[in-house]
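Since the structure comes first, as structure tokens, the remarks are kept for the end.
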Amino acid sequence: MTDPSNNQPILIAFPKGRLGDELLTRLEGTPLALDETALSSRVLRIPTATPHVQVLLLKGTDLPRYVAAGVASLGIVGSDTLDEVDVDLLELADLKFGACRLSLCGAEGLTLDALRHKPHLRLATKFLKATSAWLKREGLTAELVPLQSSVELAPILGLADAIVDLVQTGGTLKAHGLVEISILGTTSSRLVAARGAYLADPERLRPLANELIQLLSR
Amino acid sequence: MATHTPHFPDLLFSGAARLRRWEGLLMGLLTNAGYSELRSSLVMREPHEKASLRFFDGDHLLALRWDYTTALARMLSKRFAEPPPRVSYAGAVFRRANQPWEPVERFEVGCERIHTDEAGRDEADVELARLLMAVPATLGLRAAILQIGSAALLRRPMEQEQLPQALADEVTRALLRRAPHRVKEALGDHPAAPRILAHVEALLSEFDGVVGLNALDRSPYAGLLKDEREHLRKTLEALSPFVPEGLQLRLDLADVQGLDFYTGPTLRLYAPGAQQELAAGGRYDGLYPELGRPWFAAGFCVRLSPLLDLAETRPDLFDSLGAEAQ
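Residue numbers (the working numbering), protein chains in the order written: chain R, 873 to 1090; chain W, 2 to 327.
See below:
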């Protein structure tokens, strides 16, 4: 009896943006490098140097849903994104690259103590769950202002007292006159897998997952 | 392939016919094995389950049946001094979806094996696994994987270490994701961290079959888990001669789904090419004692909703769908 799933290509979801750029650079010249021509076109499924392995480029926040639903069998995504979405998937490895700090940031001179004493603290962030968890740990309450981009503008324009955002080099913060006040945690890239696909097709997916871990943890 | 089941699915002609046919085939399989059907009311009167669909009837808060095992256990524990040993069921349950693509109304066929002596565990677990091994061929699935694990493999070490409930939950969630790095993060500098981490690494071992049980030699809890390991070994050895063509029997030491419910061996059915679990079950010896009956029990449930989706999206995974349509 033949396994009918063997003819189907394996789809891996890669994130667009900063993490995706670093990922593509790391894969250059490897068996999982993306086809350059397809990458510069509008092709949906981008072939790799390995036959039957194709890549979907997705917005980071959407990526876990595509993997959890089994559209893509494997994926690479930041732990910050994973912690914000409530989806059922396997998280096979911490790939370590793309590491950032999730930090509370504010105008130069602002301290955590000063924020603690504010009668009505407003924090702007994309990371509502992580910020809520930190507030709970610290015994603080705050109004969370959900933003999707350019979060660093919020304290400058008076929308919030401070922000919670990812910091890698600190360059963006510095450019906006902001500083890190407290580090809430660290984040990095993770290899994720669709539970059903990974457990049902171990012969196909485990070697590929191990190859990704080997290539990307270098 | 992704599935797009609406929360409350309307089944059109072929889907409705397939559901009725599959229910009939599976109930026939169970009847032939000595299981008798019970049908609990669709309405449950103790609606404490958060995932249930609740509604008021006058002043009374009620819920739609969210789980057959719970519904049947309540019925059996109230009505029988001695349990009927083999019961089966078929029908819908209603549970709030965890994922947007999951239905709320789910069609299921399943069975429960209940016994009063602990010594009956070995025989009951093998009987259930053999029945579940027959399900793929009954439905015409060309290939399937039956995974056997044991909830006790994580449960007992965590109990021995007396981990606080919140920490135990976090460790379970991390292992559910098969993420040892998350387990490490959760345990931090807890005194049991090195032992539990070594155990988790052993559970995540990729070896398979009876040999896979040797991974437990690397666990600091090897002695504690001696009986569970022996039970799994005997079960796997008893099943090996009966594995049907097209089915792979696998060992999955890291299966911790439903750890708050299952107490011993667990069963999960997958099909290569299908993205969802198609059947699940296991031993849950804690349920009847909670209801005042010193009974032991195990069972499984075939999830017909994802199977119906699979028949629509991946008919190539089935042998008999073409013949069925004629």
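All C-beta atoms, glycine included, are put in the ideal place defined by N, C-alpha and C. The structure presented is a predicted model; accordingly, all values stated were derived computationally and were not measured.
- Using a Cβ distance threshold of 7 Å, W/Asp58 and W/Thr236 do not count as a contacting pair.
- What R/Glu963 touches in chain W, judged by beta-carbon distance under 9 Å, is Ala175, Arg178, Arg179, Ala180, His182, Arg183, going in chain order.
- By the beta-carbon neighbour count (other beta carbons within 10 angstroms, threshold 16), R/Thr1041 is exposed.
- Within the segment 888 to 923 of chain R, the complete beta strand (DSSP E) runs of at least 3 residues fall at 917 to 919.
- Counting only runs that start and end inside the segment 170 to 212 of chain W, the alpha helix (DSSP H) elements of at least 4 residues fall at 181 to 188, 194 to 204.
- Note that the segment 944 to 951 of chain R touches the segment 1063 to 1080 of chain R; at least 3 beta-carbon pairs, one per stretch, sit closer than 8 Å.
- The Cβ-Cβ distance between W/Phe297 and W/Asp286 falls below 7 Å.
- Shown in chain order are the members of the segment 264 to 289 of chain W whose Cβ falls below 7 Å from a Cβ of chain R: Tyr271, Ala272, Pro273, Gly274, Ala275, Gln276, Gln277, Glu278.
- For R/Asp966, the nearest beta carbon of chain W is closer than 7 Å to its own beta carbon.
- In this structure, the CA atom of R/Gly1011 is about 10 Å from the CA atom of R/Ser1004.
- 7 Å or more divides the Cβ of R/Ala971 from the Cβ of R/Leu995.
- No Cβ-Cβ contact shorter than 7 Å links W/Arg75 with W/Ala64.
- Ala1066, Gly1068, Ala1069, Leu1071, Ala1072, Asp1073, Arg1078: these are the residues of the segment 1063 to 1086 of chain R whose beta carbon lies less than 7 Å from some beta carbon of chain W, given in chain order.
- Against chain R, the CB of W/Ile149 has no partner CB under 7 Å away; the residue lies outside that interface.
- Approximately 6 Å separates the beta-carbon atoms of W/Arg284 and W/Thr264; this is inside 8 Å, confirming the contact.
- Between the alpha carbons of R/Gly932 and W/Ala17 lies a distance of about 39 Å.
- DSSP, read as helix, strand or coil, puts W/His116 in strand.
- Around the beta carbon of W/His200, 16 or more other beta carbons lie within 10 angstroms, which makes this residue buried.
- Taking 7 Å as the threshold, the shortest C-beta distance from R/Gly970 to chain W does not fall below it.
- With three or more CB-CB distances shorter than 8 Å, the segment 120 to 135 of chain W counts as touching the segment 254 to 270 of chain W.
- The C-beta of W/Ile146 comes closer than 7 Å to at least one C-beta of chain R.
- For R/Ala905, no Cβ of chain W is located within less than 7 Å of the residue's own Cβ.
- For R/Lys1001, the closest of R/Leu1025, R/Asp966, R/Asp955 by C-alpha to C-alpha distance is R/Asp955.
- Residues of the segment 75 to 100 of chain W with a C-beta atom less than 8 Å from some C-beta of chain R are Asn99, Gln100, listed in chain order.
- Within 10 angstroms of the beta-carbon of R/Phe886 lie 16 or more other beta-carbons, which makes it buried.
- Apart from the 5 residues on each side of it in sequence, R/Thr1044 sits with its Cβ closer than 7 Å to the Cβ of Glu1024 in its chain, given in chain order.
- In the structure shown, W/Thr264 falls within a coil segment according to DSSP collapsed to helix, strand and coil.
- With distances taken between CA atoms, R/Thr922 lies nearest to R/Leu1080 out of R/Gln1086, R/Ala965, R/Leu1080.
- Shown here, W/Val127 sits in a helix according to DSSP, grouped into three states.
- The CB of W/Glu207 comes closer than 7 Å to the CB of Arg1078 in chain R, given here in chain order.
- Leaving aside the five residues that flank W/Asp253 on each side, the residues in its chain whose CB is nearer than 6 Å to its CB run, in chain order, Gln148, Gly150.
- Of the residues assessed, W/His232 falls on the buried side of the cut-off, its CB having 16 or more other CB atoms within 10 angstroms.
- As the crow flies, the alpha-carbon of R/Leu961 is around 18 Å from that of W/Leu204.
- With a contact defined as Cβ atoms closer than 8 Å, W/Phe301 and W/Ala281 qualify at about 7 Å.
- Between W/Val110 and W/Leu305 the beta-carbon gap is near 6 Å, inside 8 Å, which marks them as a contact.
- Counting C-beta pairs with one atom in each stretch, the segment 240 to 253 of chain W and the segment 101 to 119 of chain W have fewer than three that are closer than 8 Å, which means they do not touch.
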